[in-house]
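This report concerns only the one structure given below.
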Amino acid sequence: MTDTTLTIDTILTPELTLCRVPGSSKKRILEYISEEIQRRYPELSDSQIFNNLVSRERLGSTGIGQGIAIPHCRLEGCEQVIGVLVTLEEGVAFDAIDNQPVDLLFTLIVPKEATSEHLELLSQLAEKFNDHNFCDQLRQCTDSDTLYKRMIGASQ
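Here it is in structure tokens:
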């Protein structure tokens, strides 16, 4: 890891910004995200990513309320922090703290040893997603390119 402060715009790529994804369940969404990460980073195992995300969810849902979830996990063999932004066509049950369906997710995959970076990014995301107008703007996006630009524009 470098000493550079990680921010949302340094970890999110257009390829992992996915707009209006169909999803039937929490499990299926986490599988989809894992597959998309593996497609972009072939050296990582989609099943290992999925299993780590599910293990983290078992400790307590990452659904933070207001239709938002921030699934995250540490991953052996991961060399950099990976961010994935997803909006869903329809909300899915996610065991969120307010029991509302989730339709906006930002997934974080971090190297096994990256503790402080992990916590800092979670804090940045929670702050961004606390802004209801910002979340509404993300939900109104109809394509991944616009979604990416909105997320990055807001994090600079």
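Using this note's numbering, the first residue of the sequence shown is number 4, and each one after it goes up by one. All residues carry an ideal CB built from backbone N, CA and C; glycine is no exception.
For the alpha helix (DSSP H) holding Leu62, just list the boundary residues, first then last.
As a first step, residue 62 must be located in the sequence shown, where it is residue number 59. Leu62 -> alpha helix (DSSP H) spans Asp49 to Leu62.
For the 8 angstroms Cβ check, are there 3 or more pairs between the region 31-44 and the region 52-60?
Taking 8 angstroms as the limit for Cβ pairs, the verdict is that the region 52-60 does touch the region 31-44.
What runs of the alpha helix (DSSP H), each 4 residues or longer, lie entirely inside the region 83-148?
118-132 and 135-143, all fully within the region 83-148.
Is it the case that the Cβ atoms of Ile14 and Ile85 are separated by a distance below 8 angstroms?
Here residue 14 refers to the residue found at position 11 when the sequence shown is read from its first residue. Here residue 85 refers to the residue found at position 82 when the sequence shown is read from its first residue. Yes, Cβ-Cβ distance for Ile14 and Ile85 is below 8 angstroms.
According to DSSP, simplified to helix, strand and coil, what is Leu150?
The residue you call residue 150 lines up with position 147 of the sequence shown. Here Leu150 sits in helix by DSSP.
Which word fits Ala99, buried or exposed, when buried means at least 16 other C-beta atoms lie within 10 angstroms of its C-beta?
Here residue 99 refers to the residue found at position 96 of the sequence shown. It counts as buried.
In the DSSP assignment, the alpha helix (DSSP H) including Leu33 goes from what residue to what residue?
Residue numbering aside, residue 33 sits at position 30 when the sequence shown is read from its first letter. Run containing Leu33: Lys29 to Arg43, per the alpha helix (DSSP H) assignment.
Could you compute how far the alpha carbon of Gln143 sits from the alpha carbon of Arg77?
For the purposes of this step, residue 143 is taken as residue 140 along the sequence shown, with counting starting at 1. For the purposes of this step, residue 77 is taken as residue 74 along the sequence shown, with counting starting at 1. About 31 angstroms.
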